[in-house]
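Colleague: Please see the structure below; I have some questions.
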Amino acid sequence: MGNSTPGDNSVEAGFARDMQTHHQQAVEMSFIIRDKTSDQAIRTLAYDIITSQQQQMGQMYGWLQVWGLPQTGSRPPMAWMAGGHGGMRMGSASKTGTGASGSSTGSAAAMPGMATPAQLQQLRDLKGRAADRLFLQLMTKHHQGGLEMARAVQGRTTVRAVTVLARAIETAQTAEIAQMQQMLAERPATT
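For the sequence shown, the positions run 1 to 191 when UniProt numbering is used.
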């Protein structure tokens, strides 16, 4: 594929579509906690996630435009990971499905690490340290799913821009996972 333009059913198009969806949820969770936490370190982390992932979403949106492809496709989420080279495009999120790890995703999109609607509502409803801890737990799992996606595309693409972004996602989210695990350890649950 080297310098050729990715097609609608390509791994690259599927990754760009699915990672935008995945990033959107991370941004949503980060806005929720940013606006309610009194913990400056968590607010700063949330802001960093918002800004970096919105920038990356814009980059992937731009790829699809440059490639002359629609922002959505007709295939289920994550089909590109199951399909290997020449993978498939994403479509509208399924109500039930199996994520890339093989686990049932219930009402969340069939993507690794996605929080369920009930978990998002719990994050909205909780206050104080309980909300901060839930955010850190959900975002750690979310980032682990993002790492799975970023690593998968690196083994399936020859498009340099996709590889560069996937490596950047892997580097940033690996560091943020370590940071969030440390933050969780420093913020024990209250009884």
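Beta carbons are placed, not taken as given, at the ideal position from N, Cα and C, and that holds for glycine.
(1) Does the Cβ-Cβ distance between residue 192 and I42 come in under 7 angstroms?
(2) Assuming contact is defined by CB atoms lying nearer than 7 angstroms, are I169 and A150 in contact in what I supplied?
(3) Could you say which of T116, Q173, T140 and V162 lies nearest to F15 if we only look at CA atoms?
(4) Would you call the stretch 4–22 and the stretch 154–161 touching, i.e. three or more CB-CB distances under 8 angstroms?
(5) Less than 7 angstroms separating the beta-carbons of R34 and A26?
(6) Do P77 and A110 have their beta-carbon atoms positioned less than 7 angstroms apart in this structure?
(7) When the distance is taken between beta carbons, is D48 closer than 7 angstroms to D132?
(8) Given a threshold of 16 other Cβ atoms within 10 Å of its Cβ, counted over all protein chains shown, does P112 qualify as buried or as exposed?
(9) Please name the residue in Q65, G58, T190 and Q121 whose C-alpha comes closest to that of residue 204.
(10) My output table needs one value for K141: the three-state DSSP class, helix, strand or coil.
(11) Beta-carbon within less than 6 angstroms of S94's beta-carbon, same chain only, minus the 5 sequence neighbours each way: which residues are those?
(12) State the DSSP-derived secondary structure class of A166, mapped to helix, strand or coil.
(13) Under a Cβ-count criterion, where at least 16 other Cβ atoms within 10 Å of its own Cβ denotes burial, should S30 be classed as buried or exposed?
Modeller: With the structure as the only source:
(1) The shown model of the chain, from 1 to 191, leaves out residue 192, and the question about it has no answer.
(2) Start at 1 with the first residue of the sequence shown, and residue 169 comes out as number 169. Start at 1 with the first residue of the sequence shown, and residue 150 comes out as number 150. Contact flag set, yes.
(3) Here residue 15 refers to the residue found at position 15 when the sequence shown is read from its first residue. Comparing Cα positions, the closest option is V162.
(4) The stretch 4–22 vs the stretch 154–161: in contact.
(5) Position 34 of the sequence shown holds residue 34. Position 26 of the sequence shown holds residue 26. The beta carbons of R34 and A26 sit no closer together than 7 angstroms.
(6) Here residue 110 corresponds to residue number 110 of the sequence shown, with the count starting at 1. Here residue 77 corresponds to residue number 77 of the sequence shown, with the count starting at 1. Yes, the Cβ-Cβ distance between A110 and P77 is below 7 angstroms.
(7) For the purposes of this step, residue 132 is taken as residue 132 along the sequence shown, with counting starting at 1. For the purposes of this step, residue 48 is taken as residue 48 along the sequence shown, with counting starting at 1. Cβ atoms of D132 and D48: not closer than 7 angstroms.
(8) Working through the sequence shown from its first residue, we reach residue 112 at position 112. The residue in question, P112, is buried, as its Cβ has 16 or more Cβ neighbours within 10 Å.
(9) An answer regarding residue 204 cannot be provided, because it is not within the stretch 1 to 191 covered by the chain.
(10) Translated into positions along the sequence shown, residue 141 becomes position 141. Of the three classes helix, strand and coil, the one that applies to K141 here is helix, per DSSP.
(11) Sequence index remark: in the sequence shown, residue 94 carries index 94 (1-based). Interpretation of S94 is limited by its pLDDT of 33, a score under 50 that renders its predicted location unreliable; no figure is taken from the coordinates.
(12) Numbered from 1 along the sequence shown, position 166 holds the residue referred to as residue 166. In the three-state DSSP reduction, A166 falls in the helix class (H, G or I).
(13) Along the sequence shown, read from residue 1 onward, the residue named residue 30 stands at position 30. A residue is called buried when at least 16 other Cβ atoms come within 10 angstroms of its Cβ; S30 meets this threshold and is buried.
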